[in-house]
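Data first, discussion second: the structure below is written as structure tokens.
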Amino acid sequence: MADAMETPPSRGHYKSSLESHTEAFETLLGLIPAQFYVPPNDQEIDAKYQKNKRTKSQKQQEAEERKLRVRDTKRAKVCARSLCQLDPANRKSVDDVQADRRADMDMEWDEHGEEDEATIEAPKEPIRTETDTPRRASMEELRERLHTKIQMLHQQRHPHEASASGIPSTKEELLEERRRQRSEMRDRRRRERKEARRKAQAGKSAAGERTSSTTGSARSAGALVETPATSTSQSTAPAVMDGDLTFSQVSFETAHAPDPQRKNKYALPSDPKAALAALEARQRREEAKIQKRIESGQDAAQVREAAQKSERWGKALAASEGVKIRDNVNALKQTIKRRERAKEKSTKAWYVWAH
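Encoded structure:
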């Protein structure tokens, strides 16, 4: 049993084993070139891995120096200016102050330009234009352009006025021209309305004179039948026109003169609903009149026949006077239904479009 048990290794055995392993490892490291495991210095690292690192070049240093010199010069000028301003004998004029400000702006512009040149890596020079700062148009130039544009538009809209009279060159003249045109338009409309009213009154007075002369002659004659010579002369008298054609003048002898009440009775509004309501109200009034006559003791058939005859004759006279007869209730109802359907359809289409 004692033979089976092994004695533990001593400390010297571990040391010799480690030394042999270290020697073998160093031998292997000696076979590797030093450039693959020895770290290089900082300059080599910067040159290899940090190629894009920006360093201060001679150009940047010169730009910083110029910047400091410009700043010192500017401060000195500001101090001198403040001293001059405090001295009442050396007070500058407006032109001198503006010139100093322009010089300061030029110095600031040169300073910023130098900074931009220093930060650019490529040695390319910036492309210089003819003028460093954009040219700003003055108020006079802008006002002149506006007047030119107004004149051109006025010439395009009113070529005859431009050729006949001078074109307004200022805003006040243009406004005055517009006011004059509006006043002329109002005067012209006022004259047209007066002329229309005068013609309407003249027509009414002429119609009244014709009606009074017709009724007066009929009453003063006292005869039941007119002489055939008068009717023949009136019916066969030719109406001569300015052209090559001539037409016979036909006149219908009737005791019914143009009546505005008859025109208002048979004329209906353009709205189908209002026209239907007016037609139904008129029919109710006519029916009430017929019932009143029947209740008074007259024959119902004769009363209705006389009412129908009077209705037909009144419609014929109204149509001859230019009144559009619309007494078809069914047609009016169909028109109302058609408009309602169209309105509902357009409402649905608008709702779909809006949502």
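1 is the number of the first residue of the sequence shown in UniProt numbering; add one for each residue after it. Every residue, glycine too, gets a C-beta built ideally from N, C-alpha and C.
Cβ distance (whole Å) where residue i is taken to contact residue j below 8 Å
i, j, result
"residue 317", "residue 326", "Residue 317 to residue 326, Cβ: 16 Å. No contact."
"residue 294", "residue 300", "5 Å"
"residue 336", "residue 276", "7 Å"
"residue 81", "residue 96", "About 10 Å separates the two Cβ atoms, so there is no contact after all."
"residue 272", "residue 339", "7 Å"
Cα-Cα separation, residue i to residue j
i, j, result
"residue 12", "residue 24", "19 Å"
"residue 134", "residue 73", "The predicted position of residue 134 is uncertain, since its pLDDT is 44 and thus under 50; no value can be drawn from it."
"residue 193", "residue 139", "48 Å"
"residue 328", "residue 334", "10 Å"
"residue 267", "residue 305", "23 Å"
"residue 210", "residue 307", "29 Å"
"residue 180", "residue 147", "20 Å"
"residue 312", "residue 344", "38 Å"
"residue 356", "residue 27", "As displayed, the chain neither begins before 1 nor continues past 355, which places residue 356 out of reach and without an answer."
"residue 14", "residue 31", "26 Å"
"residue 79", "residue 98", "17 Å"
"residue 346", "residue 320", "39 Å"
"residue 348", "residue 281", "34 Å"
"residue 171", "residue 197", "39 Å"
"residue 241", "residue 178", "Low confidence applies here, because residue 241 scores a pLDDT of 49, under 50, leaving its location unreliable and the question unanswered by this model."
"residue 16", "residue 35", "31 Å"
"residue 185", "residue 191", "10 Å"
"residue 77", "residue 58", "29 Å"
"residue 315", "residue 283", "14 Å"
"residue 303", "residue 297", "10 Å"
"residue 187", "residue 322", "33 Å"
"residue 103", "residue 149", "37 Å"
"residue 202", "residue 183", "29 Å"
"residue 20", "residue 10", "16 Å"
"residue 66", "residue 75", "14 Å"
"residue 68", "residue 141", "41 Å"
"residue 22", "residue 29", "10 Å"
"residue 195", "residue 145", "46 Å"
"residue 143", "residue 157", "21 Å"
"residue 330", "residue 292", "28 Å"
"residue 189", "residue 200", "17 Å"
"residue 204", "residue 274", "29 Å"
Spatially closest choice to residue i from the options, by CA coordinates
i, options, result
"residue 173", "189, 151, 186", "151"
"residue 70", "95, 105, 346", "105"
"residue 154", "270, 275, 175, 208", "175"
"residue 270", "340, 282, 324, 346", "324"
"residue 310", "142, 353, 290, 103", "290"
"residue 285", "297, 265, 296", "265"
Chain B within 7 Å of residue i, Cβ atoms only
i, result
"residue 97", "Going by chain labels, chain B is absent from the structure shown, which holds only one protein chain."
Entirely within the segment 289-331 and at least 4 residues each: give me those alpha helix (DSSP H) ranges in chain order. 300-320, all fully within the segment 289-331.
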